[in-house]
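K.L.:
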Amino acid sequence: MKKTLLLFVGLFAPALYAQNTMEKTLHQFSVETLEGKQFDFSALKGKKIMVVNTASKCGLTPQYKKLQALYEQYSSKGFVIIGFPANNFMKQEPGSNEEIATFCERNYGVSFPMMAKIDVKGNDIHPIYSFLTQKDKNGVMDSKVTWNFQKYLINEEGILEKVISPKTSPTDEEVISWITK
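Those letters in the sequence shown? Residues 784 to 964, by the numbering used here.
1) With Phe-867 and Val-834 assumed to form a contact (beta carbons below 8 Å), what rounded beta-carbon distance in angstroms separates them?
2) How is Leu-789 classed by DSSP in three states: helix, strand or coil?
3) Of the residues Ser-825, Leu-853, Gln-875, which one's Cα is nearest the Cα of Thr-844?
4) How would you write the range of the beta strand (DSSP E) that Asp-823 sits in, first residue to last?
5) Could you spell out where the alpha helix (DSSP H) holding Ser-960 opens and where it closes?
6) Can you tell me where the beta strand (DSSP E) with Pro-868 in it begins and where it stops?
7) Give me the Cα-Cα distance between Ile-959 and Ser-879, rounded to the nearest whole angstrom.
8) Are there 16 or more other CB atoms within 10 angstroms of the CB of Pro-877, so buried, or fewer, so exposed?
9) Determine, using beta-carbon pairs with one atom in the region 897-911 and one in the region 846-862, whether at least three such pairs fall under 8 Å.
10) By the 10 Å Cβ neighbour count, where 16 or more other Cβ atoms means buried, how is Ala-869 classified, buried or exposed?
11) Bridge partners of Met-898, per DSSP?
12) Where DSSP assigns a beta bridge to Val-834, which residues make up the other side?
13) Is the beta carbon of Ile-832 closer than 8 Å to that of Asp-850?
14) Which of the three DSSP states, helix, strand or coil, is assigned to Glu-940?
15) Roughly how many angstroms lie between the CA atoms of Gln-917 and Lys-934, to the nearest whole one?
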């Protein structure tokens with residue numbers, strides 16, 4: 784019996800460990816861009832990532848300008864911003880993916896990757912936001928998306944490290960020090 788148990792542990796433990804750790808990184812996801820193309824997060828291994836839910840008709844919408852400036856300043860240093868338009872808060876992102884793309888480019892010159900519109904809470908929550916908000920999926924913490932422009936900071940290994948309030952500027956010292964450490 785002991786030998787059978789040791790054999791089982793020896794054969795299956797490494798696979799179970801790998802599966803468990805893999806399930807707890809952002810790199811497991813593939814999503815659709817605003818343009819309808821596939822975006823694979825595994826391509827971002829080794830980069831720091833900010834995931835932010837966005838909206839075009841929100842009082843915080845001017846944060847796009849600071850997000851773009853942050854992206855321009857740090858993208859060459861291994862930092863990327865991924866925007867997820869969402870219509871979950873007072874219907875402040877009513878547009879189609881095409882309308883959102885035009886709005887972002889025309890008004891803020893957004894060049895960081897923007898994904899297709901999703902739900903960031905509720906019954907239709909997108910799997911990537913289930914991961915970001917549930918400790919049993921991300922292995923780090925539970926959180927709740929409280930409003931548009933909430934920021935999730937993910938390290939180079941794809942592991943969630945911090946959640947930043949929607950009201951906190953993307954260029955706040957807390958964010959800058961995280962990017963540069």
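The beta carbon of each residue, even a glycine, is placed where N, CA and C say it ideally should be. Keep in mind that this is a model prediction, so the values were computed, not measured.
P.N.:
Based on what the coordinates show:
1) Residue 867 sits at position 84 when you count from the first residue of the sequence shown. Residue 834 sits at position 51 when you count from the first residue of the sequence shown. With a Cβ gap of about 7 Å, Phe-867 and Val-834 count as contacting.
2) Position 6 of the sequence shown holds residue 789. Bear in mind that the predicted position of Leu-789 carries a pLDDT of just 46, short of 50, making it too unreliable to give a figure here.
3) What you label residue 844 is simply residue 61 of the sequence shown in a count that begins at 1. The shortest CA-to-CA distance from Thr-844 to any of Ser-825, Leu-853, Gln-875 is the one to Gln-875.
4) Start at 1 with the first residue of the sequence shown, and residue 823 comes out as number 40. Segment 821-823, the beta strand (DSSP E) holding Asp-823.
5) Residue 960 sits at position 177 when you count from the first residue of the sequence shown. Per DSSP, the unbroken alpha helix (DSSP H) holding Ser-960 starts and ends at 956-963.
6) If you number the sequence shown from 1, residue 868 lands on position 85. Element bounds for Pro-868: 862-868.
7) Here the question's residue 959 lines up with position 176 in the sequence shown. Here the question's residue 879 lines up with position 96 in the sequence shown. Their Cα atoms are separated by approximately 32 Å.
8) Taking the sequence shown and counting its residues from 1, the one referred to as residue 877 is at position 94. Per the 10 Å Cβ criterion, exposed.
9) At 8 Å Cβ cutoff, the stretches do not touch.
10) The residue given as residue 869 occupies position 86 in the sequence shown. Buried, by the Cβ-count rule.
11) Taking the first residue of the sequence shown as 1, we reach residue 898 at position 115. DSSP, once it has assigned bridges, lists Thr-816 as partnering Met-898.
12) Working through the sequence shown from its first residue, we reach residue 834 at position 51. Answer is Ile-865, Tyr-935.
13) Sequence index remark: in the sequence shown, residue 850 carries index 67 (1-based). Sequence index remark: in the sequence shown, residue 832 carries index 49 (1-based). The identity of residue 850 in the sequence shown is Leu, whereas the question assumes Asp. For Leu-850 and Ile-832, no; Cβs fall outside 8 Å.
14) As a first step, residue 940 must be located in the sequence shown, where it is residue number 157. When secondary structure is reduced to three states using DSSP, Glu-940 falls in the coil class, being assigned neither helix nor strand.
15) Taking the sequence shown and counting its residues from 1, one reaches residue 917 at position 134. Taking the sequence shown and counting its residues from 1, one reaches residue 934 at position 151. So the alpha carbons of these two residues sit roughly 15 Å apart.
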